[in-house]
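Participant: Right, I'll just put the structure down here and ask away after.
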Amino acid sequence: MQTPDQDSTPTTPTNSSQDKKKSKSKAKPWIIGGSCAVAVVAAYFGAAAFISSQVPANASIAGVNIGSMNSDEARAEIERVVSPLAQEPIKVKVNGKDYTVDPAKAGLSLNTDDTVKDLTSYEVNPVKLYERLTGDYEVTPELNVDKEKLSSQVEALAKKANADVTEGKIEFADGMAKLSTPVDGVALDTEGAVEKISEDWSIDGSPIDLPAQVVKPEISADTLQKFYDDQAKKLLKSDVTLVSGDKKANLSAASIAAAATYAPKDGAPAITLDDKKLYKAATKNSELSSTAKDAKIVLKNGKPSIQDSTNGLSLETEGLGAKVLAATATDNRTAEVKMTETEADFTTAEAKKLGIKEPIVDFSTPYPASDTVRTKNLKAGAARVTGVIVKPGERFSLLNTLGPITTANGYYSSGVVENGFSSEAVGGGLSQISTMMYNVGFLAGYDDITHQPHSRWFDRYPAGREATLWEGQIDMIWENNTPYGVMVQAWVSDDAVHTRLWSTKYWDVSQKSSGKYNQTDPETKYNEAEKCVAESGGQKGFTIDITRYRETFDGSKKLPAETKSWTYSPWNKIVCGKKP
């Protein structure tokens, strides 16, 4: 009987030595495979190390080929060719405009060592290794950035690039329209610009768009240009005809331009025409001129007299600009207008309000009656200033009143002083009219706008209180600073020139003279001018101060004292010709 632990099948004896042999024969291929793998890996990594030690075969930096060079060769080539490129101005754009940044000043430079190090760094990625051996390889240079210096240069750039928004405009003058294009408001984002340059600077010179806040004008450049082409030019294409019944008048392009104003309205370009300016142009010596008659203040029986105004028909002013503007958009450029009953522009009541009723200043100076030509000029000048009315706040200009000073306008050639020498010119003697008008303005208390005394003193005038005149250069102007109008009257008697102002007394005027001081002796001067006039000389030169005091007659107002100084040259002896 078998026990449970016994097997009825006989057991075959084990051959341990054979098992060991089989075991050894099975393990050998694995060992060989592992050894080969190690060898391959070692070879791969060795090759990778070799490839990595060389610059990639087709590598370039900023267009410069440095392929297959070792570190030293690549470094030398970069220093020779690429480093100078890194010193070129960096191109940047701010709102589409081109600027440059100096890399040296901005603390930007090429880091050659780090660039070469990156190129020859150890690489095991087979794809990368393959690219290094076969493909094009664009090198990204390593750059040095000094943020502090770069920030300073960006701030300097902002001063150039930043701008306030400027609206475009259309200006009208001399019958022409001129377009000024709008300008964006620009504020460079300096912090963002520093980061942008730091990150995007490349040696290949590609422009860098810098961040900026841009404010657009209300009317864009394109919109304004189209408006200018379509409407502004058409506005001044030709005359506009105004028609009222059987009467008409033409408005020239110059007159329309003088009345035109450009100003955006409700966010769109717009042109308006001034009603009053158009009225003035349309009614000047035309069929549409007003039949109303202005009041006049004239000298009658030696004193001012008012001729009453009368009502009449006048061109309706209100809305005239809109009608003309509408007419410029039509082919026939014609506007229908109305004539309405109206009062005169200067009424009898307004004439009376000016208060031109009494003489407030009289002034006269002697003159050499023997000089008949000079007398003619004095009489012509006196006639032109007589009857001139200067309203409150208006200015009296002697050149505007007398001019043009030509023979065609009734003037003659007579003696003048030019550059300190006696000479001749058309209108000689009119400086005495200038002295007369200066003195009546001075004594009436009016504001002196401009005047210039003679270079040397003529004893027929009060020293320091006289004025010369030279067309186109020297004028005599004063301003009526009273609430009343003033009328000028001037005449020439046998031995003097007289001037009188008619108005209502307002300023109580007094004056003080310093007397002559710093006197200088005459010298001998030589004059090579063709029209030289020899002079014996003799009178000394001097300086003088004149102080004027002004206070209203009722004592309600007092102006600060004003002092004017002038230095006269001596009357030198003049010898015609060159100095020996």
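The sequence shown stops at residue 604 when you use my numbering, and every number in between is there.
Idealized CB from N, CA, C, for every residue including glycine.
Because the structure is a prediction, the values reported are computed rather than measured.
Would you kindly check if the distance between the Cβ of TRP531 and the Cβ of GLN563 is under 8 angstroms?
Facilitator: Going by C-beta atoms, GLN563 is not nearer than 8 angstroms to TRP531.
Participant: Just to confirm, are ALA277 and LEU302 a CB contact at a threshold of 8 angstroms?
Facilitator: Their beta carbons are not under 8 angstroms apart, which means ALA277 does not touch LEU302 by this criterion.
Participant: PRO108 lies in the alpha helix (DSSP H); which residues open and close that run?
Facilitator: Start and end: 107-110.
Participant: Do you know whose CA, among LYS327, LEU423, ASP355, lies nearest LYS381's CA?
Facilitator: If we check each option's Cα against that of LYS381, LYS327 comes out closest.
Participant: Kindly identify the DSSP beta-bridge partner or partners of ASP386.
Facilitator: DSSP output for ASP386 lists ARG524 as bridge partner(s).
Participant: Is the CB-CB distance between ASN401 and GLU365 below 8 angstroms?
Facilitator: Not a contact, by the Cβ cut-off of 8 angstroms.
Participant: To the nearest angstrom, how far is it from the Cα of GLU586 to the Cα of HIS522?
Facilitator: Answer to the nearest angstrom: the Cα atoms are 26 angstroms apart.
Participant: Considering only DSSP beta bridges, list what LYS529 is partnered with.
Facilitator: According to DSSP, which records beta bridges pairwise, LYS529 is partnered with nothing at all.
Participant: Measuring CA to CA, which of ASP332, LEU339, ASP170 is closest to LYS362?
Facilitator: Comparing Cα-Cα distances from LYS362 to each of ASP332, LEU339, ASP170, the minimum goes to LEU339.
Participant: Which residue from LEU349, ILE429, SER268, VAL178 puts its Cα closest to that of LYS258?
Facilitator: Closest by alpha carbon: LEU349.
Participant: Taking Cβ to Cβ, would you say ASP386 is nearer than 8 angstroms to ASP318?
Facilitator: Contact: no.
Participant: Please report the distance separating the alpha-carbon of ASN309 from that of PHE420.
Facilitator: Spanning the two alpha carbons is a distance of roughly 25 angstroms.
Participant: From ALA404 to TRP494, what distance separates their C-alpha atoms?
Facilitator: If I take the Cα positions, the gap works out to 16 angstroms.
Participant: Please look up how many angstroms separate the CB atoms of SER527 and GLY379, rounded, as I've assumed it's under 8 angstroms.
Facilitator: The Cβ separation is near 6 angstroms, so the contact holds.
Participant: For PRO288, which residues in the same chain have their Cβ closer than 8 angstroms to its Cβ, ignoring the five residues on either side in sequence?
Facilitator: Within the same chain, PRO288 has close Cβ partners GLU191, GLU242, ILE243, ALA294.
Participant: Taking Cβ to Cβ, would you say ILE501 is nearer than 8 angstroms to THR492?
Facilitator: No, these two residues do not count as a Cβ contact at 8 angstroms.
Participant: Taking the beta strand (DSSP E) that GLY561 belongs to, which residues open and close that run?
Facilitator: Looking at the DSSP string, GLY561 is not in any beta strand (DSSP E), and its letter there is neither H nor E.
Participant: State the beta-bridge partners of TYR286 as determined by DSSP.
Facilitator: Partner(s): ILE295.
Participant: So what does LYS320 bridge to, in DSSP terms?
Facilitator: LYS320 is bridged to GLN331.
Participant: Nearest-angstrom Cα distance between VAL557 and LYS549?
Facilitator: Their Cα atoms are separated by approximately 12 angstroms.
Participant: Just to confirm, is the Cβ distance from ASN504 to VAL414 under 8 angstroms?
Facilitator: In this structure, VAL414 lies closer than 8 angstroms to ASN504 by Cβ.
Participant: Among the residues of its own chain, which have a CB less than 6 angstroms from the CB of PRO428, if the five just before and after it don't count?
Facilitator: The answer is none, since no qualifying residue turns up.
Participant: Since LEU260 and ILE280 should fall inside the 8 angstroms C-beta cutoff, what is the C-beta to C-beta distance between them, to a whole number of angstroms?
Facilitator: Yes, they are in contact, since the Cβ atoms of LEU260 and ILE280 sit about 6 angstroms apart, within 8 angstroms.
Participant: Measure from the alpha carbon of LEU109 to the alpha carbon of each residue in SER95, LEU167, GLU97, then state which is nearest.
Facilitator: It is LEU167 whose Cα lies nearest to the Cα of LEU109.
Participant: Ignoring anything shorter than 3 residues, give me the beta strand (DSSP E) runs that lie fully in the region 200-262, in order along the chain.
Facilitator: Qualifying beta strand (DSSP E) stretches, in chain order: 200-204, 209-212, 236-239.
Participant: Taking the C-alpha atoms as reference points, what is the distance between MET460 and SER534?
Facilitator: In a straight line, the C-alpha of MET460 is about 17 angstroms away from that of SER534.
Participant: May I have the straight-line CA-CA distance separating PRO390 from THR474, to the nearest angstrom?
Facilitator: Going by the C-alpha atoms only, they are around 24 angstroms apart.
Participant: Comparing C-alpha positions only, which one of VAL140, ASN325, LYS121, ASN542 sits nearest to VAL210?
Facilitator: Checking every option, the nearest Cα to that of VAL210 belongs to LYS121.
Participant: With the cut-off set at 8 angstroms, would you say ILE598 and GLU559 are in Cβ contact?
Facilitator: Yes, they are a contact pair.
Participant: So what does MET511 bridge to, in DSSP terms?
Facilitator: Answer is ILE413, TRP526.
Participant: In or out: VAL148 buried (at least 16 other Cβ within 10 Å) or exposed?
Facilitator: Note that VAL148 scores a pLDDT of 44, beneath 50, so its modelled location is shaky and nothing firm can be said.
Participant: Mapping the DSSP letters down to three states, classify GLN497 as helix, strand or coil.
Facilitator: GLN497 falls in the coil class under three-state DSSP.
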